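Asker:
In my numbering, the protein residues as written are 1 to 958.
(1) Put residue 555 into one of helix, strand or coil per three-state DSSP.
(2) Judging by CA-CA distance, which residue of 752, 714, 598 is the nearest neighbour of residue 921?
(3) Buried or exposed for residue 333, please, with buried defined as at least 16 other CB atoms from any protein chain shown within 10 angstroms of its CB.
(4) Looking at the strands, I want to know which residues DSSP matches up with residue 786.
(5) Is it buried or exposed, residue 27, if we count other Cβ atoms within 10 angstroms and call 16 or more buried?
(6) Just confirm the distance between the C-beta atoms of residue 807 and residue 740, as a whole number of angstroms; I'd bet it's less than 8 Å.
(7) I'd like the span of the beta strand (DSSP E) that includes residue 163, first residue to last.
(8) Check residue 638 in the structure and name its three-state DSSP category.
(9) In three-state DSSP terms, what is residue 245?
(10) Using 8 Å for Cβ pairs, my map puts residue 744 next to residue 772. What's the rounded Cβ distance?
(11) Could you give the residue range of the alpha helix (DSSP H) that holds residue 480?
(12) Would you call the segment 81-93 and the segment 158-173 touching, i.e. three or more CB-CB distances under 8 Å?
(13) Ordered along the chain, which non-local residues of its own chain (more than five positions away) have a Cβ less than 7 Å from that of residue 731?
(14) Since I believe residue 408 is in contact with residue 978 (beta carbons under 8 Å), could you give me their beta-carbon distance rounded to a whole number of angstroms?
(15) Starting from residue 858, trace the alpha helix (DSSP H) both ways and give me its first and last residue.
(16) Of all the options 352, 308, 478, which has the alpha carbon lying nearest to the alpha carbon of residue 390?
(17) Whether or not the segment 192-211 and the segment 409-416 are in contact is what I'm after, with contact meaning three or more pairs of Cβ atoms, one per stretch, closer than 8 Å; do they touch?
(18) Buried or exposed, going by whether 16 or more other CB atoms sit within 10 Å of the CB of residue 531?
(19) Under the rule that 16 or more other beta-carbon atoms within 10 Å means buried, what is residue 309, buried or exposed?
(20) Can you give me the start and stop residues for the alpha helix (DSSP H) that residue 113 sits inside?
(21) Determine the closest residue to residue 863 out of 649, 342, 925, with distance taken between C-alpha atoms.
(22) At what residues does the alpha helix (DSSP H) containing residue 831 begin and finish?
(23) DSSP state of residue 198, grouped into three classes?
(24) Buried or exposed for residue 859, please, with buried defined as at least 16 other CB atoms from any protein chain shown within 10 angstroms of its CB.
(25) Compare the Cα-Cα distances from residue 692 to each of 462, 928, 443, 452 and report the closest residue.
(26) Looking at the strands, I want to know which residues DSSP matches up with residue 347.
(27) Please classify residue 808: does DSSP put it in a helix, a strand, or coil?
(28) Between residue 223 and residue 251, is the Cβ-Cβ spacing less than 8 Å?
(29) Grab me the residues of residue 975's own chain with a C-beta within less than 6 Å of its C-beta, minus the 5 sequence neighbours each way, in chain order.
(30) Cα separation between residue 857 and residue 540?
(31) What three-state label does DSSP hand residue 457 in the structure shown?
(32) Mind reading off the beta-carbon distance from residue 98 to residue 47? Whole number of angstroms is fine, and I expect it under 8 Å.
(33) Alpha carbons only, please: which of 817, 778, 39 is nearest the one belonging to residue 21?
(34) Taking the straight line between their C-alpha atoms, what separation do you get for residue 74 and residue 95?
(35) Which parts of the segment 203-254 are runs of the beta strand (DSSP E), unbroken and 3 residues or longer, counting only runs that do not cross its ends?
(36) Identify, in the order they occur along the chain, each residue of the same chain with its Cβ nearer than 6 Å to the Cβ of residue 458, setting aside the five sequence neighbours on each side.
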């Protein structure tokens, strides 16, 4: 826009002086008017970006008195410019720094170009004489160490060369290894030609060019798979969409500085250690990246990100209704990169079909490295001493801080900018290395740079900058880790990584997702026969097959075990992501630990208990490291998950140490702070869930500490309930207060009832009745169910009433049983329970088997009913169990047991396995939040019970 160009008058003098300095200092053999003109446009663009928000904000203060045209005219007057420079000294300093840095970096690049002309021509361009320079584009990539960035130099013959402000020895070493391995497997790879100097280098420019035929697309992904295998072995990271170029049938990696990642000290955050040990670490495969804001985004090297919502909001200028400019924050959209192959003008992103080629390439290269790993191990020595970059945070955090540093408030003074960058200390509270790294990060940011941390391959030292080295910073150096990775290679590890590849691709493909989640088969009703052992056998088979699936994903050593899980990232469960199992009971490690412990003790399988304890060791270590990053209290996703799991382990394994650790954990938490930030409130993620966990601990130990914690949570919930309306309710993630167990009134009432049984507090009894009153206002008599008022359900015009453990009759019934057990009995509660039972048993079977929203969760209500009330519904319950077994059989036939890949107690196959085990053996009701041993199987007739026990003995012997 013309008016935007007129803003440049504010800094024109500074820009002109910078161009004069570049002209005077650049070798005469290089300088041209065309080059200076291009550099001037670039610098003016950078300076405009630095100041336009401040200038427009200043105009908005006076727009009632001064027209926009008059304001633009005033920018050409020295008096106005002097006033604004005085008003915003931080802005003046930034503009001066930009121009000075551009002069310094341009002169450095041009002098180096002149000095290296012969090397560039010979090694990269294949010419004795290098064509003359006609243009140079700076600012590609992030600025580091004095504003240095990648630059592209355009030459008079149409060729281009890339300048990189770092040594390129690692690029040369990687190219040699990839080329050598490629020849062994019969594959060629395109690698950029490079010239590596002392602290900088030159590289061949790789253009994005389309494929010529379908075979080129297949070859592209086969090569990408082969490269993925080598990146996996070399502990590589950060190959996102901007670091891969699709050049015909060749994927080309263009930023090779994140290999041989060393092992960092305690990180104190929810890093995915499982991902760190898998091919997902490379960044090539789709994986949801969690930002500091809590948002997630997929920027993988194989993904087409074009059109995806921007990562962060940025202040921009738009025209207001009056035609004048106004400032507004928008995320915008990502433009995408050059990483996706193109055929006939159409992008061909990685999909289910292409994945076969990728897997084939991965397997070929993996097996080649496995066969020749001794030779590869010797070749690794060429990497020793090469400089690699170490990333501790996503660079988006830094670039966003730099951008926000140009907010008008932060340009009032240099001190204001420094205070802004010091906010990084707040982000570091949940980041164990923050206290060590933040001072260096803040110093780099204040100078206008994205922090750059490096390390020589084979060293444990962290290089902060030219003057600062943190000696022995890393636990183990990257070369040691790569050699260990080589030693650990095996066919089993190959199978594990192929599973990760398939899972990461399957969960992002719309067709596969639709196939896996939307189809609803017609299920043939199976009548249970009293003398038929098939049902019990199939239940234990389900348990066994899921145990096998878990073991296939385990990374284990003598002390610890960990694994990857697929977890839902969206409310409807269709968007899922792979992550390392961690602390949440819903989809994390506690669920697997509890299942393996229960199975091991119930069936006498010591290997299951051993694996569970290794996983518990890992969980305890990670909890110590990540203590300050876990901010939720809930029972499915928070500290309540851990405490309830420890109580359950004590019940299963008859070991008091788990109770002692739970008691110590509560004492160590900053509960006041956790309560202060709790806005989830519910059983799933909030204080109500923490109350349930504390009450279970109190029932097991008589702990006053746990009761005091529960009392603090109750006071918090009472303060934050909806002040008006029927009964007691809380608004959490939806506009309306909800019914149900997970996020609704049943969950709150259940927590208060159990706590009342332990304390006798009158306020708790009042709260229980308040929850019941609210939930009854949502009861639909014709449906025998309670309305589902979630925003998601209303938005998608889903059913008025849910029928799952989380939302609807099954969860409501489980809560009513808990209330009866806690002493809250009466006709209304019994009526609610009978409605819930009838609706649950009559609900139609679907393909969702999970506990949270599917069949194994629904079945918990009739199981508990048979244990706590009577066995009048036993036959109907057994018929429903047989239905579920039929669904599982159908899934196994149609999908090859792909459903086993989704782990998690509440959201995946682990919960199905636990519930299947619970139907045949005495284990606690985890999803009923009761640590008493299950007695469902004892409700069966003696012949049935004996048959199940006999079958279990046979399985155990097998």
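Virtual Cβ for every residue (Gly too), placed ideally from N, Cα, C.
Given the structure is predicted, the values throughout are model-derived calculations rather than measurements.
Answerer: On the basis of the data shown:
(1) Taking the chain shown and counting its residues from 1, one reaches residue 555 at position 555. Residue state, collapsed to three classes: strand.
(2) Within the chain shown, the letter at position 921 stands for residue 921. Looking only at 752, 714, 598, the smallest Cα-Cα distance to residue 921 is reached by 598.
(3) Residue numbering aside, residue 333 sits at position 333 when the chain shown is read from its first letter. It counts as exposed.
(4) Locating residue 786 in the chain shown gives position 786, counting from the first residue. In DSSP, residue 786 forms a bridge with 779.
(5) On the chain shown, residue 27 is found 27 positions in, with the first residue counted as 1. Under a 10 Å Cβ-count criterion, residue 27 is classified as exposed, with fewer than 16 other Cβ atoms of the shown protein chains found around its own Cβ.
(6) Taking the chain shown and counting its residues from 1, the one referred to as residue 807 is at position 807. Taking the chain shown and counting its residues from 1, the one referred to as residue 740 is at position 740. Their Cβ separation, rounded to whole angstroms, is 4 Å, which keeps residue 807 and residue 740 in contact under 8 Å.
(7) As a working mapping, residue 163 is identified with position 163 in the chain shown. Its beta strand (DSSP E) spans residues 160-164.
(8) On the chain shown, residue 638 is found 638 positions in, with the first residue counted as 1. Correct three-state label for residue 638: strand.
(9) Locating residue 245 in the chain shown gives position 245, where the first residue counts as 1. DSSP places residue 245 in strand when its eight states are reduced to three.
(10) Residue mapping note: residue 744 aligns to position 744 of the chain shown, counting from 1. Residue mapping note: residue 772 aligns to position 772 of the chain shown, counting from 1. With a Cβ gap of about 12 Å, residue 744 and residue 772 do not count as contacting.
(11) Position 480 of the chain shown, counted from the start, is the residue given in the question as residue 480. Run containing residue 480: 478-488, per the alpha helix (DSSP H) assignment.
(12) Contact fails: fewer than three Cβ-Cβ distances are below 8 Å.
(13) Taking the chain shown and counting its residues from 1, the one referred to as residue 731 is at position 731. So the list reads 722, 737, once near-sequence residues are dropped.
(14) There is no way to answer for residue 978, as the model of the chain reaches only from 1 to 958.
(15) Here residue 858 is taken as the residue at index 858 of the chain shown, counted from 1. Run containing residue 858: 855-858, per the alpha helix (DSSP H) assignment.
(16) Locating residue 390 in the chain shown gives position 390, counting from the first residue. Closest option to residue 390, Cα to Cα, is 478.
(17) no
(18) Walking along the chain shown from the start, residue 531 turns up at place 531. Note that residue 531 scores a pLDDT of 38, beneath 50, so its modelled location is shaky; the value from the coordinates is reported in the next line. Result: exposed.
(19) In the chain shown, residue 309 corresponds to position 309, counting from 1. Its Cβ having fewer than 16 others within 10 Å, residue 309 is exposed.
(20) For the purposes of this step, residue 113 is taken as residue 113 along the chain shown, with counting starting at 1. Note, residue 113: alpha helix (DSSP H), 89-115.
(21) Sequence index remark: in the chain shown, residue 863 carries index 863 (1-based). The residue with the shortest Cα to Cα distance from residue 863 is 925.
(22) Taking the first residue of the chain shown as 1, we reach residue 831 at position 831. Residue 831 -> alpha helix (DSSP H) spans 827-842.
(23) Here residue 198 refers to the residue found at position 198 when the chain shown is read from its first residue. Here residue 198 sits in coil by DSSP.
(24) For the purposes of this step, residue 859 is taken as the residue at position 859 of the chain shown. Buried.
(25) Here residue 692 refers to the residue found at position 692 when the chain shown is read from its first residue. It is 928 whose Cα lies nearest to the Cα of residue 692.
(26) Here residue 347 corresponds to residue number 347 of the chain shown, with the count starting at 1. Its beta-bridge partners are 342.
(27) Against the chain shown, residue 808 aligns to sequence position 808. In the structure shown, residue 808 sits in a strand (DSSP, three-state: E or B).
(28) The residue labelled residue 223 in the question sits at position 223 within the chain shown. The residue labelled residue 251 in the question sits at position 251 within the chain shown. Their beta carbons are under 8 Å apart, which means residue 223 touches residue 251 by this criterion.
(29) The structure shown does not extend to residue 975, since the chain spans only 1 to 958, so no value can be given for it.
(30) For the purposes of this step, residue 857 is taken as residue 857 along the chain shown, with counting starting at 1. For the purposes of this step, residue 540 is taken as residue 540 along the chain shown, with counting starting at 1. So the alpha carbons of these two residues sit roughly 17 Å apart.
(31) In the chain shown, counting from the first residue as 1, residue 457 sits at position 457. Correct three-state label for residue 457: coil.
(32) Here residue 98 is taken as the residue at index 98 of the chain shown, counted from 1. Here residue 47 is taken as the residue at index 47 of the chain shown, counted from 1. That belief holds up - the Cβ atoms of residue 98 and residue 47 are roughly 6 Å apart, short of 8 Å.
(33) Taking the chain shown and counting its residues from 1, the one referred to as residue 21 is at position 21. Closest by alpha carbon: 39.
(34) The residue you call residue 74 lines up with position 74 of the chain shown. The residue you call residue 95 lines up with position 95 of the chain shown. When rounded, the distance between both Cα atoms is 19 Å.
(35) Runs of the beta strand (DSSP E) inside the segment 203-254: 244-247, 250-253.
(36) Here residue 458 refers to the residue found at position 458 when the chain shown is read from its first residue. Correct list, in chain order: 384, 477, 479.
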